[in-house]
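Student: Okay, handing you the structure first.
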Amino acid sequence: MAEDKTLYDADSIQSLDARSHIRLRSGMYIGDNATPNQLLLEVFSNSLDEYNIGHGKRIVIELLSDNSVRVVDEGQGFPINEMRDDGKSVFEAAFSVINTSGKFSDDGVYGGSALGLNGVGAKIANFLSSEFWADTYNNGRKESIHFKDGLLVSREVHSCAKGNHGTAVKYIPDSQFFGTGKTDAKYFLSFFQDISCLCPGLEIIFNDCGEVYDIKSENGIADLIESRVKDRQELIQNRFVYSGKNFDVAMTFTEDAGVVLLPYVNYGYTDSGPHITGLKTTITRVFNSWAKERGILKAKDKNIDGTSLQEGLVLALNLVSTGVSYNAQTKEKIVKCDTSFLDDFSTQLEVWLDNNPDDGRTIIEKALIARRAAEAAKKAREAVKQKAAEKTKKIILPSKLADCHSKNRMECEIYVTEGDSASGGAKLIRNASTQAVLGLRGKVLNCLVATPRQIMKNAEVVDIIKALGFDYEFTEKNSIVHYDKEKLRYGKFIIAADRDSDGSHIQLLVLALLWKLVPQLIKDGYVYIALPPLYKAEWGTKYKYLQDKQELEDFSKNHKDFQLTYFKGLGEASPEELGAMIIDPATRQIAQVNIEDVQVANQIIYDLMGADSEPKKKFVFGEE
């Protein structure tokens, strides 16, 4: 085996301040870099938070011809010239010191339910702008700050009229961080219209380069539903509209097949989360229960599925909740939130159905038609799919394969890992463009002694061959794989297993599988074995991975004071450690498998797994 080793130490590590890191990795904080939309969202969210705690009823947003953006609110304003221990004023820190916010606490002024990237968002708007200005008015005083490239240029304090209060922000998005420096006016016009429906009484003045929109909702969330129905033909006569303790929800059904969901949490749009799942589940459960109580469905009838019931659904939700957890800074996907509102929603939906039985029956009847159509369509698709598969022998990739996306097959590589833990960590840390991961469950079938029937029925074997991209014929009598370089989907096939006896066993079994079914894959040099280290030695700010006891002994001769970490298995390593040990080409160690290696492996497997028990006995008990 030819080894490729690289020393990775602290000299390779950089430390960046918050401003520099945000400017270097802006996508981590704002998601899509195509437009500077997120900057306006963050600045606007501060003004909206002021409205939601009772300060001001109007927010003005201006998109100017030079791509600059201005947001003015009638909030309470910041404390003026109040200095911190770091020498910055509270107002300056709000736009320049990361994780500075008044919105972290669930029992604070804002109730922990603010819209923006709490403690981060306003700073992002500053750090990703070529120039940034802010003025705040409070109790007869005004504080002004000016930044260039996220660095303070000036800070001034002046007197002003005592009646003035609020905050004005102006910034110019830095085009080096965005595909365009122009804020998407069309997107924000729609967004502000939605927000006005979630905040009845709030007036939003939106000036798009001289074209002014005065946006205000009188009927709240009911107006949001109305804006989405428009030309659609409604199925029912009476809409469901309800305001609970911490949520508003409105719902109707149209003749369309599509579903329109407008789920807002803390005034921010979210496209997934337990609140959405819970709403769908509740609707499905309540409608099915009501239909059986009314005799529309018989007790023995199977329930109508959620997809059929939700055809034509138009639903808007605004949930105000504390303790919400998101998957990323941009708050599009919710991981955890309070779903106790669903009990109240369920009760009110039952009441609505009882009060509107004709509408309920109409919805159920449409759902039954949709279910029958879906079942017929499914049968037709399966027939077409079966026919196409028989004709083209198209390989369907394994469902548990986390594939990569590059079209250059030879730069791609697949990791075949031992267990779900290791595969889960590898999926998190991999380069999704060029690195695929296929996790194995348990030990692979010993293909050297297995019958064609056993190979045919073994899911792990089939998944490996499918992932490689080869045509195959697994029957009761034959196990044939058609090796074709043009169809090979990866330039490297890397076996990643633990450094213990079980891991070695799995390595041998995978090698035996390849040697039995696709030996040319090994002969052509596509097969590698990952060499995760057994130890990590740390001294001072440096560290080094050590492969085995011999490397540890050699290292110990020249190093006395160091801390040693022993890795029991890949599944116990953090994603970051796993990346350094076997995933990252800059730090990993992998070894190419040659013919001799496989022949040795085969002999071992034949000895240990074959019909003759004597070699196995010698291996286990050490008998001569």
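Here the sequence shown stands for residues 11 to 634, numbered as in our numbering. All C-beta atoms in this analysis are idealised placements derived from N, C-alpha and C, irrespective of residue type, glycine included.
1) Thinking ALA502 and GLU423 are a contact (beta carbons under 8 Å), I'd like their distance in whole angstroms, please.
2) Can you have a look at PRO367 and say buried or exposed, based on whether 16 or more other CB atoms are within 10 angstroms of its CB?
3) Pull up the distance between the alpha-carbon of TYR279 and that of LEU58, whole angstroms please.
4) Grouping DSSP H, G and I as helix and E and B as strand, with all else coil, what is SER489?
5) Check whether the Cβ atoms of ALA540 and ILE505 sit closer than 8 Å, and answer yes or no.
6) Do you know how far the Cα of ALA326 is from the Cα of TYR252?
7) Once you ignore the five residues that flank LEU26 on each side, which residues in its own chain have a CB closer than 8 Å to its CB?
8) Kindly give me the distance between the Cβ atoms of ALA104 and ALA135, rounded to whole angstroms, as I take these residues to be in contact under 8 Å.
9) When the Cα of ILE475 is compared with those of LYS487, LYS467, VAL491, which residue comes out closest?
10) For LYS152, does the count of other Cβ atoms within 10 angstroms reach 16, so buried, or fall short, so exposed?
11) Would you check if the segment 302–313 and the segment 223–237 touch, i.e. whether three or more CB-CB distances between them fall below 8 Å?
12) So, does the segment 431–449 touch the segment 588–598, judging by three or more C-beta pairs under 8 Å?
13) Which one of PRO529, SER299, SER318, GLY316 has the shortest CA to CA distance from ALA309?
14) Which residue's Cα is closest to the Cα of ASP353: LYS578, ARG295, LYS312?
15) What residues in its chain sit with their C-beta under 7 Å from that of CYS414, if we drop five residues either side in the sequence?
16) Which same chain residues, not among the five before or five after MET93, have their C-beta less than 6 Å away from its C-beta?
17) Going by the beta-carbon positions, is the gap between ASP95 and SER140 smaller than 8 Å?
18) Which of the three DSSP states, helix, strand or coil, is assigned to THR145?
19) First and last residue of the beta strand (DSSP E) that includes HIS156?
20) Taking the C-alpha atoms as reference points, what is the distance between SER335 and ILE286?
21) Is VAL426 closer than 8 Å to LEU450 when the C-beta atoms are compared?
22) Within the same chain, show all residues whose beta-carbon is closer than 6 Å to that of MET261, passing over the 5 residues directly before and after it, in chain order.
23) Can you tell me the Cα-Cα spacing of ILE516 and LEU531, whole angstroms?
24) Helix, strand or coil for SER331 per DSSP?
25) Could you tell me if ASN248 is buried or exposed, where buried requires 16 or more neighbouring beta carbons within 10 angstroms of its beta carbon?
26) Are the Cβ atoms of GLY435 and LEU199 separated by less than 8 Å?
27) With DSSP run on the structure shown, which of helix, strand or coil describes HIS65?
28) According to DSSP, is LEU541 helix, strand or coil?
29) For the alpha helix (DSSP H) that HIS515 lies in, which residues bound it at each end?
30) Rank ILE344, GLY211, SER318 by C-alpha distance to the C-alpha of VAL275 and give the top, closest one.
31) With a CB to CB cut of under 7 Å and the five nearest residues on each side skipped, what residues in its chain are close to PHE201?
32) Residues in its own chain within less than 6 Å of PRO210 by CB, not counting five upstream and five downstream?
Tutor: Walking through what the data contain:
1) Reading off the sequence shown, one finds Lys at residue 502, where the question assumed Ala. The Cβ separation is near 4 Å, so the contact holds.
2) Counting the other Cβ atoms within 10 Å of the Cβ of PRO367 gives fewer than 16, which makes it exposed.
3) If you take the alpha carbons of TYR279 and LEU58, they lie about 14 Å apart.
4) DSSP places SER489 in strand when its eight states are reduced to three.
5) In contact: ALA540 and ILE505 (Cβ atoms closer than 8 Å).
6) C-alpha separation (whole angstroms): 11 Å.
7) The answer, listed in chain order, is LEU34.
8) Not really, about 11 Å apart at Cβ, beyond 8 Å.
9) Nearest Cα to ILE475 within the set LYS487, LYS467, VAL491: VAL491.
10) Buried, by the Cβ-count rule.
11) Judged by pairs of C-beta atoms under 8 Å, the segment 223–237 does not touch the segment 302–313, as fewer than three such pairs exist.
12) The segment 431–449 makes contact with the segment 588–598: 3 or more CB pairs, one atom from each, lie closer than 8 Å.
13) The shortest Cα separation from ALA309 among PRO529, SER299, SER318, GLY316 belongs to SER299.
14) Nearest of LYS578, ARG295, LYS312 to ASP353, Cα basis: ARG295.
15) For CYS414, where only same-chain residues beyond five positions count, the Cβ hits under 7 Å are CYS422, ALA442, SER443, THR444, GLN445, ALA446.
16) Correct list, in chain order: SER99.
17) Result no, Cβ atoms of ASP95 and SER140 do not sit closer than 8 Å.
18) According to the sequence shown, residue 145 is Asp rather than Thr. Strand at ASP145.
19) Segment 151–158, the beta strand (DSSP E) holding HIS156.
20) SER335 and ILE286 have their C-alpha atoms spaced approximately 14 Å apart.
21) Going by beta carbons, LEU450 and VAL426 fall inside the 8 Å limit.
22) So the list reads PHE250, LEU325, once near-sequence residues are dropped.
23) Near 18 Å, if we compare the C-alpha coordinates of LEU531 and ILE516.
24) It is coil, neither helix nor strand.
25) Exposed, since its Cβ has fewer than 16 Cβ neighbours within 10 Å.
26) At the C-beta level, GLY435 and LEU199 stay beyond 8 Å of one another.
27) HIS65: coil per DSSP, three-state reduction.
28) Of the three classes helix, strand and coil, the one that applies to LEU541 here is coil, per DSSP.
29) Where HIS515 is concerned, the enclosing alpha helix (DSSP H) stretches over 511–527.
30) Among ILE344, GLY211, SER318, the Cα nearest to that of VAL275 belongs to ILE344.
31) So no residue of the chain qualifies.
32) For PRO210, where only same-chain residues beyond five positions count, the Cβ hits under 6 Å are SER227, GLY230.
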